[in-house]
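S.K.: Structure in structure tokens, see below.
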């Protein structure tokens, strides 16, 4: 019969030779194989100490960006919520009062901005939809938790640290994706 | 009063110290064998193995022991309570008892006394080993029977028949060795191998050693002969109903057995405490003793590693294969080995 693929291996049902019947030779061969494995490089990554590097296109938790002066960029236009295929984003807009210019970049800002991380599929469409460069996906992922409520991230969880008061944390949170976008 | 004075008190103290040291040493070695087993399994399977508890995971055995102690003690209602508790005790007891006659080193001079590094040098040492080892089957048998569980009972029957079958070949393979040395005392056997002009017994009895090695695997219930505890067909077999430290005792007994049988193999076939390429006779007594103990421990460590290496290489034998190997291969081979050895000894003497 013609073989369907070139991976076919024809089994030989020959009676065992003397060498095979005394087991020992084959056992020695097997033990040599396992012995070689002792010196092989282990593919294990000891997780908390060393971390697997993310790929450059990795999409992690959302972050709400600030501008160079530490003002929130988000204007609560709602485009991200519209773009979101899993409807994970809710927000409430508010108007900037006089004297709040150092807090918010434009006249309108998000008073409430929540992302349900259990619904989010990390597609990055919010990042693409945002006209103000205010939301983008960082290189971290949501830590595990026992309560469902704790997966609804509000502004406290999402806002990036202030670049003026905490520059180091800001740079770390910014990651590689935002730099590329800028 | 004179009766009490007649007793050699320092000798008793000396033996008690020796017993304490050897028992605790074998417990510690068994403890770290579990760690070594996991590490060896890991590196053979391209993993890292336990490395969280302490540096390199060295505290892992302590954590395991603590876990076993904290576990709930369960004695099944339908079991025979007395036998259920007796099983693991017997397994542990017989595992430890064999260590009494192994010569761990030559002798040390301390406080003006010559202290033999052997608990008891009895002139029927090899027979004693066989006696104690065959008692080891009671641990398995009683444990499996008392559990009142089909799997345990099956495992116990398997274990008993396996140990009895392989004991025969084991004994026959040793007869050839005894013909060479002409003594049953382990001390004399080691001395015989150390004498100038003599070699380790393994060079005269390679086939005998091979048979003994295979039988030792079967006696210790180690893979490829771990049918009594066959995890995937008998659900851990005879210790299925056991929990907490009683289970720990069974597992521990297996590692102690492994340690002791490695010691016996080293003693009988690999010169015991004989360090190769060094003439102990020319050295200080204490130094020679230390070198001897180190040499013996090195050989034991190699054999323990070998036990593990085999375990993580070979799959389990089928039960009929096990019995075929034992009765149709091992015993005839051992008989032939015995006959040939006897013939050669007679021929060379003439």
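Residue numbers (our numbering), protein chains in the order written: chain D, 4 to 185; chain H, 61 to 410. Cβ atoms here follow ideal geometry from the backbone N, Cα and C, with glycine treated the same way.
Indicate the three-state DSSP secondary structure (helix, strand or coil) for residue 170 (chain H) in the structure shown.
M.R.: Walking along the second chain from the start, residue 170 (chain H) turns up at place 110. It is a strand residue.
S.K.: Does the Cβ of residue 332 (chain H) have 16 or more other Cβ atoms within 10 Å, making it buried, or fewer, making it exposed?
M.R.: The residue you call residue 332 (chain H) lines up with position 272 of the second chain. With 16 or more Cβ atoms within 10 Å of its Cβ, residue 332 (chain H) is classed as buried.
S.K.: Count the C-beta pairs between the stretch 347 to 363 of chain H and the stretch 318 to 335 of chain H that are closer than 8 angstroms, then say yes if the count reaches three, no if not.
M.R.: yes
S.K.: Quick one, which of H:396, H:72, H:317 has its alpha-carbon nearest residue 173 (chain H)'s?
M.R.: Residue 173 (chain H) sits at position 113 when you count from the first residue of the second chain. Closest option to residue 173 (chain H), Cα to Cα, is H:72.
S.K.: Residues of chain D with a CB under 9 angstroms from the CB of residue 107 (chain H): which are they?
M.R.: As a working mapping, residue 107 (chain H) is identified with position 47 in the second chain. The answer, in chain order, is 45, 46, 47.
S.K.: Straight-line CA distance for residue 419 (chain H) to residue 76 (chain H)?
M.R.: Chain H is shown only over 61 to 410; residue 419 (chain H) falls outside these bounds and no answer can be derived.
S.K.: Given a cut-off of 9 angstroms, decide if residue 78 (chain H) and residue 177 (chain H) are closer than it, judged by their beta-carbon atoms.
M.R.: As a working mapping, residue 177 (chain H) is identified with position 117 in the second chain. As a working mapping, residue 78 (chain H) is identified with position 18 in the second chain. Taking 9 angstroms as the Cβ cut-off, residue 177 (chain H) and residue 78 (chain H) qualify as a contacting pair.
S.K.: Among H:277, H:199, H:182, which one has its Cα closest to the Cα of residue 246 (chain H)?
M.R.: The residue labelled residue 246 (chain H) in the question sits at position 186 within the second chain. Answer by Cα proximity: H:182.
S.K.: What are the complete beta strand (DSSP E) segments, minimum 3 residues, inside the stretch 75 to 105 of chain D?
M.R.: 92 to 98
S.K.: Taking only beta-carbon atoms, is residue 105 (chain D) less than 9 angstroms away from chain H?
M.R.: Taking the first chain and counting its residues from 1, the one referred to as residue 105 (chain D) is at position 102. Residue 105 (chain D) does not count as touching chain H.
S.K.: How far does the beta strand (DSSP E) with residue 111 (chain D) in it reach, from first residue to last?
M.R.: Counting from 1 along the first chain, the entry for residue 111 (chain D) is found at position 108. Segment 111 to 119, the beta strand (DSSP E) holding residue 111 (chain D).
S.K.: What is the residue span of the alpha helix (DSSP H) that residue 302 (chain H) lies within?
M.R.: Along the second chain, one-based indexing puts residue 302 (chain H) at 242. Unbroken run through residue 302 (chain H): none, as it is neither H nor E.
S.K.: Looking at residue 251 (chain H): is its Cβ nearer than 9 angstroms to the Cβ of residue 261 (chain H)?
M.R.: What you label residue 251 (chain H) is simply residue 191 of the second chain in a count that begins at 1. What you label residue 261 (chain H) is simply residue 201 of the second chain in a count that begins at 1. It is not a contact, given that the beta carbons lie outside the stated cut-off.
S.K.: Taking a cut of 8 angstroms between CB atoms, which residues from the stretch 107 to 123 of chain D lie near chain H?
M.R.: none
S.K.: Tell me the rounded alpha-carbon separation between residue 35 (chain D) and residue 153 (chain D).
M.R.: The residue labelled residue 35 (chain D) in the question sits at position 32 within the first chain. The residue labelled residue 153 (chain D) in the question sits at position 150 within the first chain. One C-alpha to the other measures close to 53 angstroms.
S.K.: Give me the Cβ distance between residue 67 (chain D) and residue 11 (chain D), rounded to the nearest whole Å; I'm assuming they're in contact under 8 angstroms.
M.R.: As a position in the first chain, residue 67 (chain D) is number 64, starting the count at 1. As a position in the first chain, residue 11 (chain D) is number 8, starting the count at 1. Their Cβ separation, rounded to whole angstroms, is 58 angstroms, which puts residue 67 (chain D) and residue 11 (chain D) out of contact at 8 angstroms.
S.K.: Taking CB distances under 9 angstroms as the criterion, tell me whether residue 104 (chain H) reaches chain D.
M.R.: Reading the second chain from its first residue, position 44 is the one you call residue 104 (chain H). Answer yes: the Cβ-Cβ gap between residue 104 (chain H) and chain D drops below 9 angstroms somewhere.
S.K.: Restricting to Cα atoms, I'd like to know which of D:171, D:103, D:170, D:82 is closest to residue 95 (chain D).
M.R.: Here the question's residue 95 (chain D) lines up with position 92 in the first chain. Comparing Cα positions, the closest option is D:82.
S.K.: For the putative contact between residue 379 (chain H) and residue 287 (chain H), defined by C-beta atoms under 8 angstroms, what is the C-beta separation to the nearest angstrom?
M.R.: Within the second chain, residue 379 (chain H) is the residue found at index 319, counting from 1. Within the second chain, residue 287 (chain H) is the residue found at index 227, counting from 1. Rounded, the Cβ-Cβ distance is 6 angstroms, consistent with contact.
S.K.: Are the beta-carbon atoms belonging to residue 173 (chain D) and residue 64 (chain D) less than 9 angstroms from one another?
M.R.: Counting from 1 along the first chain, the entry for residue 173 (chain D) is found at position 170. Counting from 1 along the first chain, the entry for residue 64 (chain D) is found at position 61. Not a contact, by the Cβ cut-off of 9 angstroms.
S.K.: Using a Cβ-Cβ distance under 9 angstroms, would residue 30 (chain D) count as near chain H?
M.R.: Within the first chain, residue 30 (chain D) is the residue found at index 27, counting from 1. It does: the Cβ of residue 30 (chain D) has a partner Cβ on chain H nearer than 9 angstroms.
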